[in-house]
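These protein sequences, in sequence, are chains C and L.
All letters in the first sequence, in the order written, are residues 14 to 318 by this note's numbering.
All letters in the second sequence, in the order written, are residues -13 to 974 by this note's numbering.
Below you'll find the structure, written out as structure tokens, and then a few comments.
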Amino acid sequence: MAKTPLILEIKGNSLDDGPGIRGVIFFKGCPLDCVWCHNPESKSPNVEISYDPDRCIACDTCIETCPVKAISKENLFFIDRSKCILCFECVDNCPSGALEKVGTEMSVKEVFDTIIKYEAFYKSSGGGVTLSGGEPTMHMEFISELLGMLKKKGIHTLVETCGHFNLESFMTLVYPLVDTLYYDIKLFNEDEHRKYCGVSNKKILENFKALNKMSNKDTMELVPRTPLVPRITDTRSNMEAIATFLKSLGIRKAQLLAYNPLWHKKNYKIGKKSILYHDPAMTRFMGADRLEQCKNIFRQNRICV
Amino acid sequence: MKTKKAYNVLTAVLLHLFALQFNLRPALKRYMKGSTGWINFSIGFRTVTGSVNQSIVFKDGHVKVLGHIPSNTDVVLNFVDEDTLKEMLNITPNEVLNLILQNRLMLEGNLSYLQLFNFYVALLMGKKHQRMLDKIHANDVQARKREYSMNNPKLAKELNARKNYRMKAENRDTGVKYLDEPYLRQYSIEDFPRLKEFLDIHFNTMPEVCSERPRLLTEWYSGNGFDSDKSGKPWVPEMRQALAFKYLMQNRKPIIRKNDLIAGTTTAKEIGVVIYPDAQGSMIWGELDSMNKRILNPYSISEQDRNVLHYDVFPFWAEKNFRELVRKKYNYPLGEQIDERFVAYFVWKSVAISHTIPNFPLVLEKGTKGIIEDIQSRIETISDQGKKATLESMIIALEGVNAYALNLSRQANRLAQKEKDPIRKQELSRLADICSKVPERPATSLDEAINSIWIMWVALHMENTNTGLSLGRLDQWLQPYYEMDMEKLYTDEERQQYIKKAIELVGCFYMRCTDHLPLVPDIGNYLFGGSSSDQAITLGGVTPEGEDAVNDMTYIFLKVTEMLSIRDPNVNARFNPDKNSDTYLKRLCEVNLITAATPSMHNDKAVFKALEQHGYPIEDIRNWSATGCVEPTLSGKHMGHTGSILLNLVAALEMALNNGRHPLMKWDLGPKTGSIEDGTFETFEDFYNAFAEQLRFLVHHAVELNNMLAEIHAYYRPTPLLSTMIDGAIEKALDVTKGGARYNTSGSANIGLADVVDSMMVIKKLVFDEERISFKDLKKAIDNNFKNDPKLHALVQYRVPRFGSGNEEALQIAKRTTKLIHDLYASHKNFRGGRYTSGFWSMSQHVAYGNLSGALPSGRLSGKAFTPGLTPHPLASRNFLDNIKDVARLDPENMDNNMAFNVKLTPSANDSREDIVNAMHSYVKTYFDEGGMQMQFNVVTSETLKDAMANPENYRNLLVRISGYNAYFVTLNKEMQVELVERTEYGV
């Protein structure tokens, strides 16, 4: 793992990543490998090249510039990533910005300086800063320093995590500096979790239980979340299993995230095939009805969603 | 060469045919004679190359064609080439307007006579043109359905459903005395059947041209003389205007509309178009027979009104209007020639000086009687005959107002006697009482105060063109009368009922205000699309003493704004971050969300900063209100004609790129500042200075024309009534057109700032700093509209930071340019001895000027709209907060005529009303905290706008903010609609 994490993007105006207006820092790299990953370009911890066909003006500059001839119109993904040596000549010369470098090395201070520009908006809206990804907890020391700087400024902090982290290190470095933790519980069945997310969920559930025991409103707010993916996570059995699990821990509040299909396009941009694309439910935004059905299962377990 | 000559012959043949018809057919010939004699005029037809040279002369009832153009020809049509001439013969009149705007057909001379000629052409060709128009219209409707092929009734429903949920106020501001819940959430339009009915009329009635005002005035002037009176003695202009005005007011039809709680109307029609033949009135002459069929904003007209205007009114005024008088007096100055090409600037004084705020508290507190007494005691102290006459003319004007009020009172009595319904009978009797009391005497209740203001408002509009005249701080000025009424009520129930009544009364007032429209000739539909009179009301802020001014009436006005969602009056809200509450700001956001477009919000602190440089006393600054669109006027004390000049900054840029030549006008107009092709510019500074030089040239000529027009106003149409309503004029015994007001400025609006800054950035970064491209190559690409160079086009668009991206350099160029503009105007004095101020709002000119401008270094293509006001370009940043921060960092000192920052927000269906309003509130609040001056939201999605383009019938009340003013989306020209669709949208 690189010592300095790569930053995927810093967004200054999000209304969907926690309360109020929020700055969001997307880290690159994730220990999970979910097939539906909503930010596929954040999975790899390494720098990549993204190609946006909508923006491309077909001027061929990149094809002429590439020293290893990795770019070709015949290639389905435009760039042959196996040939590409990541010299970024094509990106530097692309006039339209269709080719972009994904992932920037930034120091804690650089990240802080960028995000703090919008401080006034966070404060006036009851918002703050959200660390997202990728998986921010892959860089415990980095985010610890960053969160510390934000807390010093009195800014509300929120971390979005998949839960697959070293608890001890989280407790010492991150826990004291986080106001809210959005904690994903995607699939309850371990085999399925392994199948769709690439790893066992044992650690995730254990960590969750441990955190739930320790945290309360005064220390850190713990909010479990489940992304609804058609026929994978939104099944009745999974909904019920997660709801029962949460109920057994005395949890009264959770979030369900309606499925959106935008990740297919993002997958293409970084040269990855979308294996789930044949399923029509995977190409549509989730309807309000389906969302409501899932919510009801949680409500039946007295969990507010 | 042969074919070119053939056009001269063809033109001659056509004109001869035309002449023959008019000479022989009595049905046509009768139109050549006005009520006071034959209408004599002449028109020349010429191509720029000289291949065509013909004229037609109408003299004493006879038409003849000449094979040359005599020097005294009234108006000459210059065609840029033969093709254009040929084209003109085969298109409809409104397409001819496009030729004019595109500078392919250039007009020189008296435009009234051109309009008369158009009227004659329509007599011959009308039916053919009509069929062509119907076809164009039908094609347009179909094309829209095809292009925006969606029909999603849900979208229209979503907009209308916004009214159904209403938030509750969290707190009560200290100035709110009697409202338990200031947001008044319990009320909806359903509680006010009277208002609902008025709304229905408003949306279902085609505006009708009214000849009453011009007819009565023409009658008076015909009988009493214009330049001199019957005995041959030259008129004191003030006196003449006052007498004519009084005659008009005495003889106007006193109308009390069915069910109205307010007496009087601006016209004799349900929704009237007021005609000012001394301003732009005769510009409708050519459309008298076709205005009801035009595609955009048609007007109806009765046979009688048509005849009155053609035979009696327009012939009298054809040579007596502002434009003509300047042309004559100053021998067609260059400034006017530029103005008449439509591209570089528009000087609004050719139409009006109305952008100001009358002193309503004066008339409410003293009544016209009290004002007359003040004037009389002033007269006793002076001996100067001219000054005496000026003051006497003011008294006569006020007597005219009183006479009208008395007629209204009588009319109310007559109606009351006939009325069967006891409730209405009582209302009419009350109106009779009110009108017998106000505005002559002080108001002592809310209904008197509102009727007093309305009657004065009607009167002011009989004197002054209905464009931009604004109402000021009505919440402040009406609160005392509301409180007087409340103090007489003792039970809670009575008070609740009264609050409802007060809402209804203010609602009726809004509906009265929106009963008239400015006359927009069809060409104006392409320049000022969908604009109404823009009567600004200003709410909130602080009192002259600096205390929180938000009160009961503030919230009552907001409730009415929310329920009616109409385009005019134009509601502006002041927010003082030190004094006003979040409860109030959140309510502004909620009303903006529900109405989708209004009110516009202003930061008091920034506006104060902008005004302080003028050395005004702080109490007067604190009493500012918005005028027309957004511009600050010191209420009741200030002739600021804030809409004097609308200037196209991009024209200066294009002239700098072309060594003084304007490409569309094909005119070597400006100073020779250097040629890119010859490699003159060695540094970015060299080029920026060239731009500054061209701008100096345009500002100079616009200002010069504005000052000439001001002089014409002063000696031709002084305003004795308005002078009684602006502090200073009585004391100085000087009409406000001559500098009578306490404060005198003239305001400009400068359009295309973001486009200029982004272009400058491209030149600075790519040509000079990074040397990535040569200036010559860039220029070549611009000249070709980037057609042959998509790579360069992408580079300039995507690879150079823009204004609004958070880039420091771009921001510095924006700041520098606003300062340049401000300092240029500030170096000029206006006719009344005051300063020029600089604004950065654009009406709808960012679309019109965009349409008339070529490709720019920023990558903006030829003909595309500029950004509205000083709004950053959609490509500036994906992060809306960068836009907000950059705009907030501009210096208010350089924007003393305000600005317009448009933001399109799209509410998420999943979020609660509270969440959305809270987010909007945070944006505005933080923007203001960071120093931002003004902000306005369109809360509507592009999807909805597209659906409205395809299915206008579902969206008649869809309100949008253009730049500074509101309009119904479906009344806009297509370019303006597209511009709104293409604005970036940010989710909330």
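We treat Cβ as the ideally placed atom computed from N, Cα and C, and that holds for glycine.
Quiz item: Excluding five sequence neighbours on each side, which residues of the same chain lie with their C-beta closer than 7 Å to the C-beta of Arg152/L?
Solution: Tyr169 and Arg171
Quiz prompt | Boundaries of the beta strand (DSSP E) in which Ala559/L is found, first to last residue | solution = Asn556 to Phe561
Self-check item: Proximity winner among Lys652/L, Val636/L and Glu697/L, relative to Phe677/L (alpha-carbon distances)
Solution: Val636/L
Self-check item: Unbroken alpha helix (DSSP H) run spanning Leu620/L, endpoints
Solution: Unbroken run through Leu620/L is the beta strand (DSSP E), Glu617 to Leu620; no alpha helix (DSSP H).
Quiz item: What residues in its chain sit with their C-beta under 6 Å from that of Ile604/L, if we drop five residues either side in the sequence?
Solution: none
Exercise. Using a Cβ-Cβ cut-off of less than 7 Å, give me the residues of the stretch 67 to 99 of chain C that come near chain L, in sequence order.
Key: Ile70, Cys72 and Thr74
Self-check item: Under the three-state DSSP convention, the category Ala5/L falls into
Solution: helix
Practice problem: Answer yes or no: does any C-beta atom of chain C fall closer than 8 Å to that of Asp915/L? | Solution: yes
Quiz item: Between the Cα of Val37/C and the Cα atoms of Cys43/C, Asp46/C, Leu45/C and Asn26/C, which residue gives the shortest distance?
Solution: Asn26/C
Self-check item: Neighbouring residues, chain L, relative to Ser109/C (Cβ below 7 Å)
Solution: Ala780 and Tyr784
Quiz item: Are there 16 or more other CB atoms within 10 angstroms of the CB of Asn865/L, so buried, or fewer, so exposed?
Solution: buried
Quiz item: Considering only C-alpha positions, which residue in the set Leu224/C, Ala271/C and Pro243/C is nearest to Leu262/C?
Solution: Leu224/C
Quiz item: What does Lys24/C reach in chain L if we use C-beta pairs closer than 9 Å?
Solution: Arg864 and Asn865
Quiz item: Which of helix, strand or coil does DSSP assign to Cys307/C?
Solution: helix
Quiz item: Taking the alpha helix (DSSP H) that Leu234/L falls in, what are its first and last residues?
Solution: Pro223 to Asn237
Practice problem: For Asn399/L, name the three-state secondary structure that DSSP assigns. | Solution: helix
Exercise. Give a yes or no on whether the minimum CB-CB distance between Lys777/L and chain C is below 8 Å.
Key: yes
Exercise. Could you name the residues of chain L that Ile34/C contacts, counting a contact when the two beta carbons are closer than 7 Å?
Key: Ala905 and Ser908
Exercise. Answer yes or no: does any C-beta atom of chain L fall closer than 8 Å to that of Ala256/C?
Key: no
Quiz item: How far does the alpha helix (DSSP H) with His177/C in it reach, from first residue to last?
Solution: His177/C -> no alpha helix (DSSP H), and no H or E assigned at all.
Quiz prompt | First and last residue of the uninterrupted alpha helix (DSSP H) at Glu301/L | solution = For clarity, residue 301/L is Pro in the given sequence; the question names Glu instead. Start and end: Phe300 to Trp303.
Exercise. Pull up the DSSP beta-bridge partners for Glu94/L, would you.
Key: Val62/L
Quiz item: The alpha helix (DSSP H) spanning Met472/L covers which residue range?
Solution: Leu460 to Glu473
Quiz prompt | Cβ of Ala133/C within 8 Å of any chain L Cβ | solution = yes
Quiz item: Should Met829/L and Gly950/L be called a contact, given that it needs their Cβ atoms to be closer than 8 Å?
Solution: yes
Quiz item: Quick one, are the C-beta atoms of Ser286/L and Met192/L less than 8 Å apart?
Solution: yes
Quiz prompt | Closest residue to Ala254/C among Gly211/C, His277/C, Pro274/C and Lys199/C (Cα-Cα distance) | solution = Lys199/C
Exercise. Between the Cα of Pro585/L and those of Asn924/L, Ile241/L and Val956/L, spot the shortest distance and give me the residue it belongs to.
Key: Asn924/L
Quiz item: Count the other CB atoms within 10 Å of the CB of Met227/C; is the residue buried (16 or more) or exposed (fewer)?
Solution: exposed
Quiz item: If contact means a Cβ-Cβ distance below 9 Å, which residues of the stretch 743 to 766 of chain L contact chain C?
Solution: none
Quiz item: For Trp610/L, does the three-state DSSP call read helix, strand or coil?
Solution: strand
Quiz item: Which residues in chain C sit within 7 Å of Glu973/L, going by Cβ to Cβ distance?
Solution: The residue you asked about is not Glu; residue 973/L is Gly in the sequence shown. Within 7 Å Cβ-Cβ: Leu28.
Quiz item: For Gln268/C, which three-state DSSP category applies?
Solution: strand
Practice problem: Could you tell me the distance, in whole angstroms, from the CA atom of Ile358/L to the CA atom of Leu247/L? | Solution: 28 Å
Exercise. Measure how close the beta-carbons of Ser456/L and Ser611/L come, nearest whole angstrom, since I'm counting them as under 8 Å.
Key: 7 Å
Self-check item: Contact under 8 Å by Cβ, Thr354/L with Asn388/L
Solution: yes
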